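What follows is a set of notes on a single structure, which appears directly below.
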Amino acid sequence: MTTTTVVRLTADQLLRSVDELADLLTDTVNGGASVGFLAPLDRAAAVDWWRGRADLLAEGGLAVWVAYARDRIVGTVSLVFPDKPNSSHRAEVVKLMVHREGRGKGLGRSLLATAERAAAEAGVTLLNLDTETDSPAEPLYRSAGWTRAGVIPDYARTPAGVLRPTTIFYKYMTVAEGSEPVPSR
Numbered sequence: 018m019t020t021t022t023v024v025r026l027t028a029d030q031l032l033r034s035v036d037e038l039a040d041l042l043t044d045t046v047n048g049g050a051s052v053g054f055l056a057p058l059d060r061a062a063a064v065d066w067w068r069g070r071a072d073l074l075a076e077g078g079l080a081v082w083v084a085y086a087r088d089r090i091v092g093t094v095s096l097v098f099p100d101k102p103n104s105s106h107r108a109e110v111v112k113l114m115v116h117r118e119g120r121g122k123g124l125g126r127s128l129l130a131t132a133e134r135a136a137a138e139a140g141v142t143l144l145n146l147d148t149e150t151d152s153p154a155e156p157l158y159r160s161a162g163w164t165r166a167g168v169i170p171d172y173a174r175t176p177a178g179v180l181r182p183t184t185i186f187y188k189y190m191t192v193a194e195g196s197e198p199v200p201s202r
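First residue of the sequence shown: 18, per the working numbering; consecutive thereafter.
See the structure below:
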């Protein structure tokens, strides 16, 4: 699977892409990745979840990128910007997902790097994320320069419903010269 392009979505583009994004989300969850949902994930619920992101995206509290291969969405990553004045320097990386057919080919790393660059360009100096402890995502984050902050036991359920620990990571960003911190909403 060759990625041809990574695109940042507007709210309108997200709404036009909800079916493909829902397919990606259901593939990710039903494939065992812990991204906040239980399996089997109903496609209609996945569509509704993505539609529910449009307002936050339009308000500037969320940024979403998708990766296309052969005109099909095969991956995504998002940044969530806090709405508090004391946290305008940071953002959270969420929903880094790669279709099962595209895993192990560098797409996750490319999407993560895209979100990191955009955060730095937006004046974000600190990123954080969480992932299931001992998941395949942990080595990706460590190799990309993320620092393990700690582990919270029994933090979230896997798609199969089993309580598992979550590892928290953070990464300091070098802010692009002339950028301003993201204003609070």
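Where is the CB? At the ideal position from N, CA and C, for every residue including glycine. As the structure is a computational prediction, the values presented were derived from the model and not from experiment.
Query: Residue nearest to V46 in terms of C-alpha spacing, selected from M114, I185, K188, L144; Result: M114
Query: V179 classed as buried or exposed, judged by whether at least 16 other C-beta atoms fall within 10 angstroms; Result: exposed
Query: Where R68 falls: helix, strand or coil (DSSP); Result: helix
Query: Test item: CB-CB of Y187 and L146 under 9 angstroms; Result: yes
Query: Candidates A28, N103, D171: closest to G77 by CA position; Result: A28
Query: D151 in three-state terms, based on DSSP; Result: coil
Query: Those residues which DSSP pairs with W82 across a bridge; Result: R25, V94
Query: Touching by the beta-carbon criterion (3+ pairs, under 8 angstroms), the region 59-66 and the region 35-43; Result: yes
Query: Nearest neighbour of A108, chosen from W67, D151, R25, E133 [CA to CA]; Result: E133
Query: Cβ neighbours of L32 in the same chain (closer than 8 angstroms, five flanking residues each side left out); Result: R68, A71
Query: 9 angstroms Cβ cutoff met for T191 and A139; Result: no
Query: Interface flag, V179 vs chain D, CB-CB below 9 angstroms; Result: No chain D appears in the structure shown, which is made up of a single protein chain.
Query: Three-state secondary structure (DSSP) of P182; Result: strand
Query: Cβ distance (whole Å) where T131 is taken to contact S51 below 8 angstroms; Result: That pair is no contact at about 22 angstroms.
Query: Cβ-based neighbour list, D44, same chain, cut-off 7 angstroms, excluding 5 preceding and 5 following; Result: H116, R117
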